[in-house]
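Heads up, the thing below is written out as structure tokens.
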Amino acid sequence: MSQHLRGQHILHGNQFSREDLEQILALARDFETKFEKNEIPPLMKGKILAALFFEPSTRTRLSFEAAMHRLEGAVVSVASAETSSAAKGETLGDTARTVSQYADVIVIRHPKIGSAQEAAEAASVPVINAGDGAGQHPTQAILDVYTIQKEVGSPERITVSLVGDLKFGRTVHALVELLSLYPMNLIFVSPQGLEMPRETTENLKKKGIQITETDDLRDALGSSDVVYVTRIQKERFSDLSDYQRIKGTYVISDKLLRETKREPIIMHPLPRVDEITTDVDAHPGAAYFRQVRNGIFVRMALLATVTGVV
Ligand code: NCD
Numbered sequence: 007m008s009q010h011l012r013g014q015h016i017l018h019g020n021q022f023s024r025e026d027l028e029q030i031l032a033l034a035r036d037f038e039t040k041f042e043k044n045e046i047p048p049l050m051k052g053k054i055l056a057a058l059f060f061e062p063s064t065r066t067r068l069s070f071e072a073a074m075h076r077l078e079g080a081v082v083s084v085a086s087a088e089t090s091s092a093a094k095g096e097t098l099g100d101t102a103r104t105v106s107q108y109a110d111v112i113v114i115r116h117p118k119i120g121s122a123q124e125a126a127e128a129a130s131v132p133v134i135n136a137g138d139g140a141g142q143h144p145t146q147a148i149l150d151v152y153t154i155q156k157e158v159g160s161p162e163r164i165t166v167s168l169v170g171d172l173k174f175g176r177t178v179h180a181l182v183e184l185l186s187l188y189p190m191n192l193i194f195v196s197p198q199g200l201e202m203p204r205e206t207t208e209n210l211k212k213k214g215i216q217i218t219e220t221d222d223l224r225d226a227l228g229s230s231d232v233v234y235v236t237r238i239q240k241e242r243f244s245d246l247s248d249y250q251r252i253k254g255t256y257v258i259s260d261k262l263l264r265e266t267k268r269e270p271i272i273m274h275p276l277p278r279v280d281e282i283t284t285d286v287d288a289h290p291g292a293a294y295f296r297q298v299r300n301g302i303f304v305r306m307a308l309l310a311t312v313t314g315v316v
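Taking my numbering, I'd label the letters of the sequence shown as residues 7 to 316.
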């Protein structure tokens, strides 16, 4: 199958060609079908995943671990910087060199932009970026595209609104790179000060992506096939009064959706705080928990591909 990504690190949304992406998506679909028939092959038997999580995580960590277990692989993990040698001042490079001796693949989440790249340069096994600060989160982006494909069909020529913290949001930073492999319209809706980095927007435009920047959520909802909502990330603010001022600016509620008279697909990488009210959960377009489930198949596909078992 996907042979270009065999043995490769997964670090950034911009590393994928459309072909690479579609091969991963096809493999994920295959795993999903097999999962439903209870026929997941033990492809990772004898292999070990090292999960290094130096920042909080529920979904990303557990879905990588569950994906590995489903394929009958094993997992060793570090759940926080405080309980690992990072607390003693070990460099990321030395940690990656060490962990490469124990595991066949490393998944890392770390608060610093570029940390996964740094680990990859020192590691002798594939490194998968599970979030590097406000940088990138490519595996989330792949499961997001997988979800879009399942919910609306091909991403070609659709309109996607990205709402919330587009400045620090690593999920949207990675997602726009993948979406830009398809001709499409993007609408960016963010509070003032949390706009998508200028350089990213310029690059997307150069690739022919139609971009609208607005602060009118209602308008964006009314013209979107998919609305991708993100959390305002308290932990990235140096001044908490800025966070307090901004949070709650954009809230998707049942009331707002009814007024919009359109039923777009609503996605969110989760965790949500207050940006989607719980009365939205019953809407047929509320896809965020289906999105969570999709993560497992995509992560199975990524693990199997980079370790070369498919
Ligand atoms: C996100 C993350 O950690 O970047 N969550 C996730 O991985 N599904 C989004 C967030 O923390 O807001």
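Note that CB positions come from ideal geometry on N, CA and C, so glycine has one too.
- Annotation for residue 56: the continuous beta strand (DSSP E) segment containing it runs 54-59.
- Secondary structure of residue 316 (DSSP, three-state): coil.
- Note on residue 277: under 16 other CB atoms within 10 angstroms of its CB, so exposed under the neighbour-count rule.
- If the five residues before and after residue 188 are omitted, its C-beta is found closer than 7 Å to the C-beta atoms of 161, 162, all from its own chain and listed in chain order.
- One Cα belongs to residue 185, the other to residue 151, and the distance between them is close to 8 Å.
- For residue 116, the enclosing beta strand (DSSP E) stretches over residues 111-116.
- The beta carbon of residue 217 sits closer than 7 Å to those of 192, 194, 207, 210, 211, all from its chain and outside the five residues before and after it, given in chain order.
- CA-CA distance, residue 131 to residue 42, rounds to 31 Å.
- Setting aside the 5 residues that flank it on each side, residue 31 is surrounded in the same chain by 152, each with a C-beta closer than 6 Å to its C-beta; the list follows chain order.
- Taking a 10 Å sphere around the C-beta of residue 279, we find fewer than 16 other C-beta atoms and assign the residue as exposed.
- Listed as beta-bridge partners of residue 219 by DSSP are 194.
- Annotation for residue 99 indicates a beta carbon at 6 Å or more from all heavy atoms of ligand 1.
- Residue ranges of uninterrupted beta strand (DSSP E) with 3 or more members, entirely inside the stretch 205-256 and ordered along the chain, are 216-220, 232-235.
- Under the three-state reduction of DSSP output, residue 273 falls in the strand class.
- Within a 10 Å sphere around the beta-carbon of residue 243 sit 16 or more other beta-carbons, which makes this residue buried.
- Residue 103 and residue 129 have their C-alpha atoms spaced approximately 5 Å apart.
- Uninterrupted beta strand (DSSP E) stretches at least 3 residues long and entirely within the stretch 76-146 occur at 80-84, 111-116, 133-138, given in chain order.
- Residue 50 and residue 173 have their C-alpha atoms some 37 Å from each other.
- Checking the DSSP bridge columns, you'll see residue 165 partnered with 191.
- In this structure, the straight-line span from the alpha carbon of residue 231 to that of residue 95 is close to 47 Å.
- Per the coordinates, the alpha-carbon of residue 175 lies some 15 Å from the alpha-carbon of residue 120.
- The DSSP-derived three-state label of residue 16 is strand.
- Within the model, the alpha-carbon separation for residue 58 versus residue 265 is close to 44 Å.
- Counted as a single uninterrupted DSSP element, the alpha helix (DSSP H) harbouring residue 39 occupies residues 24-42.
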